[in-house]
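A.B. asks: Numbering (my numbering), first residue to last: 983 to 1360. Have a look at this one.
What follows is the structure, given as structure tokens:
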């Protein structure tokens, strides 16, 4: 009996040693204090709400102080931001730059003090004209069977589109369309700058000219970007509604070999599902910082257990070195695809960004990689 108690005590001591306490204290400057203010933490773990800006409230301690203490595994990387309840009211620490994630390498019990100067809604009270490089068209309130929400799409046209009326173009579809081109629609205030990157690569004649279609996400983003009934409905919406619309209105090359899909996080997971389940429509996928952990690693298992003929698709994978919760899934997916006959430099490309975190800032820095892999000129 005594031996069992000793083992139990040692077990709980070991568990406690592996878990650290991280305390976040928010002390808004007078310029950021507001009557009726509620403050939230939004980060990369379940304890910090999986980036939901209004899921995890902080506790008001009086005199303008807010705090929260969360448990984190020793050796993990904690990333988060502070909001006043939405990404439209994210905390800013100076008036000139969109804030990056606060990052903590968890090795011991830690406290961090943040002093917001403003909330985003006060910095950007009036939306200017979109600062998008190139010509874009919007198609509003598209509907798909089985979905709960309508959504917009934004179509970006390449430099020669209006100059050469006989030319047809490949098409790249991208998830999280509001985060791609315009910082004023991007949920963190920092966009992927796909317009600038693609335009520069095309003008340098490094890649083909392509049409880029951004598909806005919805409140059902999580199930729509996963292997679920809503995920299947979303995939059919893109393949059966969005793509036919784009092919009918624009001069496209509609074949699967000219059609790609790119996304990040759950959008990266979704992009792999698109080429795996609908290779008749999508011939290429770019999967950045993919959430292969989701749903008990269901997609990893599905690809590993696949025993059919080799999929004739091309797949790009990447991950940030500071996205420790994603690294294992990224590395295993690379090895699984290689075991299925995919070859690096031919139909598989992958890269590890040693400094990368889970943010638009780093996806913008490396989006040129999947663009070049999928549409680069030989």
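For every residue, glycine included, the Cβ atom is placed at its ideal position computed from N, Cα and C.
Determine the extent of the beta strand (DSSP E) in which residue 1265 is found, giving its start and end residues.
C.D. replies: Note, residue 1265: premise wrong, no beta strand (DSSP E); not H, not E.
A.B. asks: Taking all protein chains shown into account, decide if residue 1135 is buried (16 or more other Cβ within 10 angstroms of its Cβ) or exposed.
C.D. replies: buried
A.B. asks: State the beta-bridge partners of residue 1371 as determined by DSSP.
C.D. replies: Any answer about residue 1371 is impossible in this case: the structure gives the chain only from 983 up to 1360.
A.B. asks: What does residue 1122 pair with, by DSSP beta-bridge criteria?
C.D. replies: Answer is none; residue 1122 lacks a bridge partner.
A.B. asks: Terminal residues of the continuous alpha helix (DSSP H) containing residue 1216?
C.D. replies: 1211 to 1219
A.B. asks: So is residue 1125 buried or exposed if we call it buried at 16+ other beta carbons inside 10 Å?
C.D. replies: Taking all protein chains in view, the Cβ of residue 1125 is surrounded by fewer than 16 other Cβ atoms within 10 Å, so the residue is classified as exposed.
A.B. asks: Taking the alpha carbon of residue 1346 as the point to measure from, which residue in 1258, 1253, 1164, 1308 has its own alpha carbon closest?
C.D. replies: 1164
A.B. asks: Would you mind reading off the limits of the alpha helix (DSSP H) that contains residue 1287?
C.D. replies: 1276 to 1287
A.B. asks: Can you give me the C-alpha to C-alpha distance between residue 1043 and residue 1095, rounded to a whole angstrom?
C.D. replies: Roughly 14 Å between the two C-alpha positions.
A.B. asks: With respect to the beta strand (DSSP E) encompassing residue 1156, which residues constitute its N-terminal and C-terminal limits?
C.D. replies: If you look at residue 1156, you'll find it in the beta strand (DSSP E) that goes 1153 to 1156.
A.B. asks: Leaving out the 5 sequence neighbours to the left and right, which residues in its chain are closer than 6 Å to residue 1297 when beta-carbon positions are compared?
C.D. replies: 1267, 1330
A.B. asks: Just checking my contact of residue 1180 with residue 1099 at CB under 8 Å: how many whole Å lie between their CB atoms?
C.D. replies: Not really, about 34 Å apart at Cβ, beyond 8 Å.
A.B. asks: For the stretch 1058 to 1075 and the stretch 1019 to 1028, state whether three or more C-beta atom pairs, one from each stretch, are separated by less than 8 Å.
C.D. replies: yes
A.B. asks: Just the C-alpha distance for residue 1109 and residue 1340, rounded to the nearest angstrom, thanks.
C.D. replies: Confidence at residue 1109 is low in this model, with a pLDDT of 48, below 50, so the placement of that residue should be treated as unreliable; the coordinate-derived value is given next. Taking the straight line from one Cα to the other gives about 26 Å.
A.B. asks: List the DSSP bridge partners of residue 1243.
C.D. replies: Answer is 1155, 1267.
A.B. asks: Please name the residue in 1097, 1234, 1283 whose C-alpha comes closest to that of residue 1137.
C.D. replies: 1234
A.B. asks: State the beta-bridge partners of residue 1117 as determined by DSSP.
C.D. replies: 1139
A.B. asks: With a floor of 4 residues, list each alpha helix (DSSP H) that falls wholly inside the stretch 1288 to 1332, ordered by position along the chain.
C.D. replies: 1306 to 1321
A.B. asks: So what does DSSP say about residue 1081, is it helix, strand or coil?
C.D. replies: coil
A.B. asks: For residue 1255 and residue 1010, I'd like the C-alpha separation in whole angstroms.
C.D. replies: 43 Å
A.B. asks: Within 10 Å of its beta-carbon, does residue 1241 have 16 or more other beta-carbons around it, so buried, or fewer, so exposed?
C.D. replies: buried
A.B. asks: What is the DSSP secondary structure of residue 1088, counted as helix, strand or coil?
C.D. replies: coil
A.B. asks: Secondary structure at residue 1208, three-state DSSP: helix, strand or coil?
C.D. replies: coil
A.B. asks: Reducing DSSP to helix, strand and coil, say where residue 1256 ends up.
C.D. replies: Reduced to three states, the DSSP call for residue 1256 is helix.
A.B. asks: Measuring straight from C-alpha to C-alpha, what distance separates residue 1249 and residue 1236?
C.D. replies: Straight-line measurement puts the Cα of residue 1236 at about 22 Å from the Cα of residue 1249.
A.B. asks: Taking all protein chains shown into account, decide if residue 1037 is buried (16 or more other Cβ within 10 angstroms of its Cβ) or exposed.
C.D. replies: exposed
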